[in-house]
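A.B. asks:
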Amino acid sequence: MASETLGELKQWALELAQGGAKGKDVHLNPAAQLIAKTFDVQTHEVAILGVTADGRFLRFLSPDNLSAVGQIPLSSVQSLASRTVRDKRPEMINNFSVVPHANVFEAVPQADRQRTDPVQKIMSAPITHDHKVIGVVQVCRKGKSMAEAGADFTLGQLHQLRTISETLAPCVLLRNEE
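Numbering that gives the first Met the number 0 numbers the first residue of the sequence shown as 0 and each following residue consecutively.
1. Less than 8 angstroms between the beta carbons of residue 48 and residue 58, yes or no?
2. Counting C-beta neighbours from all protein chains within 10 Å, is the total for residue 13 16 or more, i.e. buried, or is it exposed?
3. Let's test the definition: count the other Cβ atoms within 10 Å of the Cβ of residue 17 and tell me whether it reaches 16, buried, or not, exposed.
4. To the nearest angstrom, how far is it from the Cα of residue 163 to the Cα of residue 174?
5. Residue 164 by DSSP, collapsed to three states: which one?
6. Just list the residues that DSSP pairs residue 72 with in beta bridges.
7. Determine the burial state of residue 134: buried for a count of at least 16 other Cβ atoms within 10 Å of its Cβ, exposed for fewer.
8. Taking 8 angstroms as the cut-off, does the stretch 60–72 touch the stretch 137–151 (at least 3 CB pairs, one atom from each stretch)?
9. Please classify residue 119: is it buried, with 16 or more other beta-carbons within 10 angstroms of its beta-carbon, or exposed?
10. Considering only residues of the stretch 126–154, which uninterrupted alpha helix (DSSP H) runs meet the minimum length of 4 residues and lie entirely inside it, listed in chain order?
11. If you check the beta carbons only, do residue 28 and residue 53 fall under 8 angstroms apart?
12. If you draw a straight line from the C-alpha of residue 83 to the C-alpha of residue 94, how long is it?
13. Can you tell which of 51, 61, 97 has the C-alpha that lies nearest to the C-alpha of residue 81?
14. Leaving aside the five residues before and after residue 4 along the sequence, list all residues of the same chain whose C-beta is less than 6 angstroms from its C-beta, in chain order.
15. Comparing C-alpha positions only, which one of 55, 145, 61 sits nearest to residue 167?
16. Below 8 angstroms on the Cβ atoms is my contact criterion, and I expect residue 121 with residue 79 to pass it. Report the Cβ-Cβ distance as a whole number of Å.
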């Protein structure tokens, strides 16, 4: 199933790259839907972020409802996404709710609900191009408790996310062109 979805994601990325869209005309929500399907999570549990042109912040490229909320400084020590950029390596935390982290974006309501449950488990991987980090992809499991959030992420799933991040690189490059 995961390899089938990865194939769909690669096909989508190829079509996007050949389509000529740039900047805000590049919509990454279809990628988030395929990633969610791969890891059996909800689409709102997938985030794709891009490094800003000045290289100082991360901004949400997907989901759409977070793109207008704000940016994450790369200097933030309490942001897993910022640490992923700085360290240039994927990371998995299956007890994220007890780890100090910036949770301002968890409070943003989804279109279909008032407020989501807190992030309990998360994976984060850098999106790179020419050995430079241009973005981050994150997949989380939300719930009122770690048990309610579902199964722990595995090392194999973290490797899958890294492969997905490589597939997303050309799409994030196109999206970052303003």
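From the three backbone atoms N, C-alpha and C, an ideal C-beta is built for every residue, glycine too. A quick note: this is a predicted structure, and the numbers were derived from the prediction, not measured.
C.D. replies: The short version:
1. yes
2. The residue in question, residue 13, is exposed, as its Cβ has fewer than 16 Cβ neighbours within 10 Å.
3. exposed
4. 16 angstroms
5. helix
6. 56
7. buried
8. Here the stretch 137–151 does not lie against the stretch 60–72, with fewer than 3 beta-carbon pairs under 8 angstroms apart.
9. The C-beta of residue 119 has 16 or more other C-beta atoms within 10 Å across all chains shown, which makes the residue buried.
10. 145–148
11. no
12. If you take the alpha carbons of residue 83 and residue 94, they lie about 17 angstroms apart.
13. 51
14. 33, 36, 37
15. 61
16. With a Cβ gap of about 7 angstroms, residue 121 and residue 79 count as contacting.
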